[in-house]
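Participant: Protein chains in written order, with our numbering: chain A, 3 to 189; chain B, 891 to 1260.
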Amino acid sequence: MRRLAIAVLLVGLMPAPSRGDGSGGDLRVRSSGPLTVDGGLVFALPTALVPGLSTGFGIGVTRGRVLAWEARASWSTATESSVAWTVTQSDLRLRVGGVIQHTLGRARVGLRLGVGPTIVHETRLRNSSTLETSAFSTLPAGEVEAFVAVHVFGPWLFNMAGGPSAAVDSGNLRGGWVSLIGVGWQP
Amino acid sequence: MRRVGLLVLSCALSAGCSKLEGLGGAVPPLVQFQVEATGDLGSLRPPGVTSDVSLRIALVWGAQWWIEPFCILPPESDSAAAVIAAGCRDPFGFVPALVAASVPVNIGAPSSLPLFEQPPTDVLVGASTARVGYASLVFFDDRDGSGTLELSTPHSSAFGRDGPPQQDSVDSADVIYGASFLTMTAPDERVLFLDGTFDETSAFYPRSGCPDPGNQPALFTNGFSVLGAGGFSAAAGFTSSIAGTLPPEDPNTCTGGVPETTLVAIGAQAPANVNEVSCTERTLDGTTRYREPPADMPDLRDRVSACASLPSFDAGNQPNLIQFVVSGRSTDHCKGLTHYALRGCRENVACPVPDWDFTANPPAWWPCPS
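1. Return the CA-CA distance between Ala73 of chain A and Ala46 of chain A, expressed in angstroms with no decimal places.
2. Span of the beta strand (DSSP E) holding Gly998 of chain B?
3. Report yes or no: is there a C-beta of chain B within less than 9 Å of the C-beta of Arg128 of chain A?
4. For Leu51 of chain A, decide whether its Cβ has a neighbour in chain B, counting only Cβ atoms nearer than 9 Å.
5. Please state whether DSSP places Asn1235 of chain B in a helix, a strand or coil.
6. Determine the direct distance from the alpha carbon of Tyr1180 of chain B to that of Ala1198 of chain B, and round the result to whole angstroms.
7. Distance cutoff 9 Å, beta carbons only. Does Pro918 of chain B sit that close to anything in chain A?
8. Among A:Asp40, A:Ala137, A:Ser181 and A:Gly66, which one has its Cα closest to the Cα of His104 of chain A?
9. Whose Cβ in chain A lies nearer than 7 Å to the Cβ of Leu1232 of chain B?
10. Tell me whether Val124 of chain A sits in a helix, a strand or coil according to DSSP, three-state version.
11. Using a Cβ-Cβ cut-off of 9 Å, state whether Gly912 of chain B counts as contacting chain A.
12. Kindly say whether Ser172 of chain A, judged by its beta-carbon, lies nearer than 9 Å to any beta-carbon of chain B.
13. With a cut-off of 8 Å on the beta carbons, I'd call Pro1107 of chain B and Pro1183 of chain B a contact; round off their distance for me.
14. Can you pull the chain B neighbours of Ser131 of chain A, defined as C-beta to C-beta under 7 Å?
15. Who are the Cβ neighbours of Ala948 of chain B in its own chain at under 6 Å, not counting the five residues just before and after it?
16. Can the beta-carbon of Asp1064 of chain B be found less than 9 Å from the beta-carbon of Asp1034 of chain B?
17. Applying a beta-carbon distance threshold of less than 7 Å, which residues of chain B neighbour Ser84 of chain A?
18. Would you mind sorting Phe1114 of chain B into buried or exposed? The rule is 16 or more other CB atoms within 10 Å of its CB.
19. Alpha carbons only, please: which of A:Arg114, A:Leu69, A:Leu43 and A:Glu124 is nearest the one belonging to Phe1 of chain A?
20. Got a sec? Which residues, its chain only, sit under 8 Å from Thr1261 of chain B by beta carbon, not counting five neighbours each side?
21. Please check if any C-beta of chain B sits within less than 9 Å of the C-beta of Ser25 of chain A.
22. Along chain B, which residues have their Cβ under 9 Å away from the Cβ of Glu233 of chain A?
23. Determine whether the Cβ of Glu1007 of chain B lies closer than 9 Å to any Cβ atom of chain A.
24. Anyone know if the C-beta pair for Trp1226 of chain B and Ser1217 of chain B falls short of 9 Å?
25. Near Phe1261 of chain B, what residues of its chain come up, given a Cβ to Cβ distance below 6 Å and the 5 sequence neighbours on each side ignored?
26. Could you say which of A:Phe138, A:Pro119 and A:Arg114 lies nearest to Thr125 of chain A if we only look at CA atoms?
27. Can you tell me which of A:Leu175, A:Phe149 and A:Val170 puts its alpha carbon nearest to the alpha carbon of Gly41 of chain A?
28. Once the 5 residues before and after His1045 of chain B are set aside, which same chain residues still bring their CB inside 7 Å of it?
29. Residue range of the beta strand (DSSP E) that Val152 of chain A falls in?
30. Taking just the CA atoms, how far does Val995 of chain B sit from Phe862 of chain B?
31. List the residues of chain B whose Cβ lies closer than 9 Å to the Cβ of Trp87 of chain A, in chain order.
32. Taking the alpha carbon of His123 of chain A as the reference point, which residue from A:Val98, A:Thr79 and A:Ser92 has its own alpha carbon closest?
33. Excluding the five sequence neighbours on either side, which residues of its own chain have a C-beta within less than 6 Å of the C-beta of Ser140 of chain A, listed in chain order?
34. How many angstroms separate the CA atom of Ser1220 of chain B from the CA atom of Leu931 of chain B?
35. What residue range is occupied by the uninterrupted beta strand (DSSP E) comprising Thr1129 of chain B?
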C-alpha cells in the first residue's frame, strides 16, 4: 500500500510531457480552473475524546491560484470505552481559511490553514445500566494541513491531506491531527 | 431532525452548550441499596470487646456450595454426632464468595450502599441466558479498620505429607453482628442480580413457590432487586432433596422491591450465631478431602473427634476403612472438619494406588480400629 502511494505520488509529480504520453487521451490534464471541489474519508484524533480514531467524511471548496481561499466541512465519529463508560463523540468541523499551493507536473502541493468551530456531540452510556447522557459543545479549533492533489484523468484528482490540529476545550488547548484521503474535481 | 439542526446551529453560534465529560467524570453507581442496622450491641459484643471500632454493612455475594456427606448423613454414634455439632456448618446457610462493597452505618439510621459493578461471573449460577447471583447484606464491626469485611476460612488440624502444602489463614478480626440472609431455614432478605430469565428450577438458594422475579421488571434497577422469603424447615429441605425437588416457600412470605426504595433492616444478633455468614469453604463441591495421618499425634485440645465409617460412595472397594474425624477449635471463627484415613489419596480415599497406606502399620496415636 505504501509502495503504491509512493508510485502514485511520483507519477503525479512527473511532468506530463516527459512521460511520453503527450498525446493526452483520457489521461490528459484538461483542467486548470481556479475552482476545486474535493471530498473523501476523514481520519482524525477525536477533538475532545483523548484516545481513539475518529472516522468520517469531509468535503471542501477551494478557489484561487497560488493563493486561494477555501471552505471546508467534515464529520467524523469515534467510540471508546472504559470500565464505567462507553462514549461516542461526533465531531462536525466547519472551517474557512487560506491556501498556498504550487503546481508540480500533474500535481498540486500546498499548505492550507483552516479555522472555525468544531461542534462535538457526545453520548455517554453507563456500562451495565440504562443511564445515558448526551451533550453538545462548540470548540474553537483550527488546523494546518499539507496536501497533494494529483490529476488522475480529466478533471478528476486524487487528494491526500493531513496535519496537526488544535482546539480549545474548557480553556485548555488540545492538540491532535486530521487527515483526508479522497477525490477532487477541478473543472 | 429540525430541532437537532437548530440545536447544532445555536451551538455553532454560541461558545459551547454543555461540558464534555469523555471517559472521565464522576461515575454513578449501578444501584443503591437502602440498609439499616438495628438492635443494641451492648450485650452482644464478644468477650474482651467493650466498644465498636467501625460499624459497617457489606454486600457479600454468595457461593454455590454443597455440604460434605459426613455432615448430613445420620451420625453413626454419639461421638460422631458431637463432631457434626462442633464442626459442621448449617447445611442451608449462606456461604460467602466475595465482598463487593461496604458502607459505614449508625444503628437505627438508614444508609445507602452504592454498588458500582455487576457481580463477576464466578458468583453467577445458571446458563448464559438465565444467570442469577444472590448476596447477603452483612452487618459487622470492622475491627481491623480495613474498610471492608474480611472473610475467614476453617482451619484444619495438622496432617501428614500428602499433597501440596496448604496455606492456613488468620481469622478475620471483624465481628459479625447480623445479616439479611443467614440461612434458607429462616426469613431472609437477599439481593438478587438477574442476567436473563429466572430459572425457577434452579437449586441455588432456591425460593420455590415465590413469584418469578423475571416476570416483574418493575422490581429491578439495572438487573438488581431485593427479594424476601420466609424460609423453609430443615426437614422440608432434606425431604425435598431426597425427592429431587425444591422445598417450597410460603407464597405469603415472598416479597420483592426496587433497591432504591426497599429498606433492608438487619437486626443485631450474638456473633456466635451469625459468624458463619463470613466463612468461606475450601471445597464447594461437597467432596471430602481425606488427609494422611501425621507421624505425631495432632493437637486435639479444644477439638471434638470421633472414629467413623467412610460414606459408602467414598469408601469404594474398602468399606472397612475407618476415618478419624476432628473438628475445629471452639475459638475458631469458622467451623470445619479434618478427615484422616489410614489409606488413600488426597482427592480420592478409594484410589487404586494410594499415596499413603498405613493400614498395616498405623501411627502409634491412631485411635480408631485399623
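Even glycine gets a Cβ: it sits at the ideal position worked out from N, Cα and C. Since we're looking at a predicted model, the values are computed, not measured.
Facilitator: The answer reads as follows:
1. The residue given as residue 73 of chain A occupies position 71 in the first sequence. The residue given as residue 46 of chain A occupies position 44 in the first sequence. Spanning the alpha carbons of Ala73 of chain A and Ala46 of chain A requires a straight line of approximately 18 Å.
2. Within the second sequence, the letter at position 108 stands for residue 998 of chain B. Under the DSSP assignment, Gly998 of chain B falls outside any beta strand (DSSP E); it carries neither an H nor an E label.
3. Residue numbering aside, residue 128 of chain A sits at position 126 when the first sequence is read from its first letter. For Arg128 of chain A, a Cβ of chain B is located within less than 9 Å of the residue's own Cβ.
4. In the first sequence, residue 51 of chain A corresponds to position 49, counting from 1. Closer than 9 Å to some Cβ of chain B, the Cβ of Leu51 of chain A qualifies, so yes.
5. For the purposes of this step, residue 1235 of chain B is taken as residue 345 along the second sequence, with counting starting at 1. The sequence shown places Cys at residue 1235 of chain B, not Asn. DSSP places Cys1235 of chain B in the coil class of the three-state scheme, outside both helix and strand.
6. In the second sequence, residue 1198 of chain B corresponds to position 308, counting from 1. In the second sequence, residue 1180 of chain B corresponds to position 290, counting from 1. Distance between the alpha carbons of Ala1198 of chain B and Tyr1180 of chain B: 13 Å.
7. Within the second sequence, residue 918 of chain B is the residue found at index 28, counting from 1. Under the Cβ criterion of 9 Å, Pro918 of chain B is counted among the residues facing chain A.
8. Position 102 of the first sequence, counting from 1, holds the residue named residue 104 of chain A. Closest option to His104 of chain A, Cα to Cα, is A:Gly66.
9. Position 342 of the second sequence, counted from the start, is the residue given in the question as residue 1232 of chain B. Simply none; closest approach about 53 Å.
10. Position 122 of the first sequence, counted from the first residue, corresponds to residue 124 of chain A. Correcting the residue type first, residue 124 of chain A is Glu in the shown sequence and not Val. Here Glu124 of chain A carries a strand assignment [DSSP, helix/strand/coil].
11. Taking the first residue of the second sequence as position 1, residue 912 of chain B is located at position 22. Chain A contact via Cβ: present.
12. Sequence index remark: in the first sequence, residue 172 of chain A carries index 170 (1-based). Interface residue, yes.
13. Against the second sequence, residue 1107 of chain B aligns to sequence position 217. Against the second sequence, residue 1183 of chain B aligns to sequence position 293. 57 Å between Cβ atoms; not a contact.
14. Stepping through the first sequence from its first residue, residue 131 of chain A is reached at position 129. Per Cβ cutoff of 7 Å: Leu920 and Asn1112.
15. As a working mapping, residue 948 of chain B is identified with position 58 in the second sequence. Cβ neighbours of Ala948 of chain B beyond the five flanking positions: Val989, Ser992, Val1028 and Leu1039.
16. The residue labelled residue 1064 of chain B in the question sits at position 174 within the second sequence. The residue labelled residue 1034 of chain B in the question sits at position 144 within the second sequence. Yes, the Cβ-Cβ distance between Asp1064 of chain B and Asp1034 of chain B is below 9 Å.
17. Here residue 84 of chain A is taken as the residue at index 82 of the first sequence, counted from 1. Simply Leu913.
18. Taking the first residue of the second sequence as position 1, residue 1114 of chain B is located at position 224. Buried, because 16 or more other Cβ atoms sit within 10 Å of the Cβ of Phe1114 of chain B.
19. Chain A is shown only over 3 to 189; residue 1 of chain A falls outside these bounds and no answer can be derived.
20. Nothing about residue 1261 of chain B can be read from this structure; chain B reaches only from 891 to 1260.
21. On the first sequence, residue 25 of chain A is found 23 positions in, with the first residue counted as 1. Caution applies to Ser25 of chain A, whose pLDDT of 47 falls short of 50 and renders its modelled position unreliable; the model cannot decide the point.
22. Absent from the model: residue 233 of chain A. The displayed extent of chain A is 3 to 189, so no value can be given.
23. For this step, residue 1007 of chain B is matched to residue 117 along the second sequence. Taking Cβ atoms only, chain A reaches closer than 9 Å to Glu1007 of chain B, which makes this a yes.
24. Here residue 1226 of chain B is taken as the residue at index 336 of the second sequence, counted from 1. Here residue 1217 of chain B is taken as the residue at index 327 of the second sequence, counted from 1. The sequence given here places Gly at residue 1226 of chain B; Trp does not occur at that position. The answer is yes: Cβ separation under 9 Å.
25. Coverage of chain B is limited to positions 891 through 1260, which leaves residue 1261 of chain B absent and any answer about it impossible.
26. Start at 1 with the first residue of the first sequence, and residue 125 of chain A comes out as number 123. Nearest option by C-alpha distance: A:Phe138.
27. Here residue 41 of chain A is taken as the residue at index 39 of the first sequence, counted from 1. Closest option to Gly41 of chain A, Cα to Cα, is A:Phe149.
28. Mapped onto the second sequence, residue 1045 of chain B falls at position 155. If we look at His1045 of chain B and ignore the five residues flanking it on each side, its Cβ neighbours are Asp1058, Gly1218, Asp1222 and Gly1226.
29. The residue labelled residue 152 of chain A in the question sits at position 150 within the first sequence. Val152 of chain A: member of the beta strand (DSSP E) spanning Glu134 to Phe155, first to last residue.
30. For chain B, the structure presents residues 891 to 1260; residue 862 of chain B sits outside this window and is missing.
31. Residue numbering aside, residue 87 of chain A sits at position 85 when the first sequence is read from its first letter. The answer, in chain order, is Glu911, Gly912, Leu913, Gly914, Gly915 and Val917.
32. Walking along the first sequence from the start, residue 123 of chain A turns up at place 121. Scanning A:Val98, A:Thr79 and A:Ser92 for the CA closest to the CA of His123 of chain A turns up A:Ser92.
33. Looking up residue 140 of chain A in the first sequence gives position 138. The question names Ser, yet the displayed sequence has Thr at residue 140 of chain A. Excluding residues within five positions, the ones whose Cβ falls inside 6 Å are Pro119 and Ile121.
34. The residue labelled residue 1220 of chain B in the question sits at position 330 within the second sequence. The residue labelled residue 931 of chain B in the question sits at position 41 within the second sequence. Rounded to the nearest angstrom, the gap between the Cα atoms of Ser1220 of chain B and Leu931 of chain B is 22 Å.
35. Counting from one through the second sequence, the residue named residue 1129 of chain B turns up at place 239. For Thr1129 of chain B, no beta strand (DSSP E) encloses it; the enclosing alpha helix (DSSP H) starts and ends at Ala1124 to Ala1133.
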